[in-house]
Amino acid sequence: MSDYIVVTLGERTQAETAAKNLETAGLPTAQISVFGQGFKMPDTDSLFDPTLLKWQSMKRMMLWLLPFGFFAGVTFNQITQLTIIPGLGNIGDGFIGGLFGLGAAAMGSFAYGGGAQLYLDKDLIPYAKRLENGKYLVIVKGSQRLIQDAKRVLRVLDPEIMTIYEDID
1223 MSDYIVVTLG
1233 ERTQAETAAK
1243 NLETAGLPTA
1253 QISVFGQGFK
1263 MPDTDSLFDP
1273 TLLKWQSMKR
1283 MMLWLLPFGF
1293 FAGVTFNQIT
1303 QLTIIPGLGN
1313 IGDGFIGGLF
1323 GLGAAAMGSF
1333 AYGGGAQLYL
1343 DKDLIPYAKR
1353 LENGKYLVIV
1363 KGSQRLIQDA
1373 KRVLRVLDPE
1383 IMTIYEDID
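Note that the working numbering gives residue 1370 to position 148 of the sequence shown, counting from 1, and the numbers run on in steps of one.
The following block contains the structure:
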């Protein structure tokens, strides 16, 4: 699992200084990306793909909602003693109830994880808007230690916004 830090800077000279300071501090240049006028553009990086970001958010929600939904479905069926399919018995009906709970949890993961937003709003990524407003972004991807080193170096430049994200893959 790798993390990344996104730093918003107002001027081109700040972005160039940030990249230079990160390289001077010993961070690998392959981990550093600068976006903005005269640098990379968002089309070249998967960090600007709203579908990928929302899918990662939905996977994070599914990680804990699916088991909880299955357990809740089994528990609900056992408490109410509903007969879903005659002849399956208590355990079979409990399992079917668990599957219904699993389905409800999957729908909840989709809705709360941002899947519905994918179909309603295409401007989901806040830092893509910053580029449109003429700002510059410095993005460093890597381990948590690398991100903390980058944070220490970039903080000196007094960035407008500094955000650390977890990459869920």
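Even for Gly, the Cβ is constructed at its ideal location relative to N, Cα and C.
Worksheet item: Cβ of ALA1327 within 8 Å of Cβ of PHE1298?
Response: Within the sequence shown, residue 1327 is the residue found at index 105, counting from 1. Within the sequence shown, residue 1298 is the residue found at index 76, counting from 1. Contact flag unset, no.
Discussion item. Using 8 Å as the cut-off, can you tell me whether the region 1280-1290 makes contact with the region 1321-1340, which would need three or more C-beta pairs spanning the two stretches below that distance?
Written reply: yes
Item to complete: Tell whether a beta-carbon distance below 8 Å holds between VAL1256 and LEU1376.
Response: Here the question's residue 1256 lines up with position 34 in the sequence shown. Here the question's residue 1376 lines up with position 154 in the sequence shown. No, these two residues do not count as a Cβ contact at 8 Å.
Fill in: Backbone secondary structure at SER1197 - three-state DSSP
Residue 1197 cannot be examined here, being either before or after the span of the chain that is shown, 1223 to 1391.
Worksheet item: So what does DSSP say about THR1385, is it helix, strand or coil?
Response: The residue given as residue 1385 occupies position 163 in the sequence shown. THR1385: strand per DSSP, three-state reduction.
Fill in: Bounding residues of the beta strand (DSSP E) (the contiguous stretch that carries LEU1244)
Start at 1 with the first residue of the sequence shown, and residue 1244 comes out as number 22. Taken as a continuous stretch (DSSP letters only), LEU1244 belongs to no beta strand (DSSP E), being part of the alpha helix (DSSP H) at 1234-1246.
Discussion item. By the DSSP assignment, the beta strand (DSSP E) with VAL1360 in it spans what residues?
Written reply: Residue mapping note: residue 1360 aligns to position 138 of the sequence shown, counting from 1. Run containing VAL1360: 1358-1364, per the beta strand (DSSP E) assignment.
Worksheet entry | Pair within 8 Å by beta-carbon distance, GLY1258 and LYS1373 | As a first step, residue 1258 is located in the sequence shown; it is residue number 36 there, counting from the start. As a first step, residue 1373 is located in the sequence shown; it is residue number 151 there, counting from the start. Contact flag unset, no.
Discussion item. Which residue marks the beginning of the beta strand (DSSP E) containing LEU1231, and which one marks its end?
Written reply: Reading the sequence shown from its first residue, position 9 is the one you call residue 1231. That run of the beta strand (DSSP E) goes 1225-1231.
Item to complete: Out of PHE1332, GLY1319 and ILE1254, point me to the one whose CA is closest to SER1365's CA.
Response: On the sequence shown, position 143 is the one that residue 1365 refers to. With distances taken between Cα atoms, SER1365 lies closest to ILE1254.
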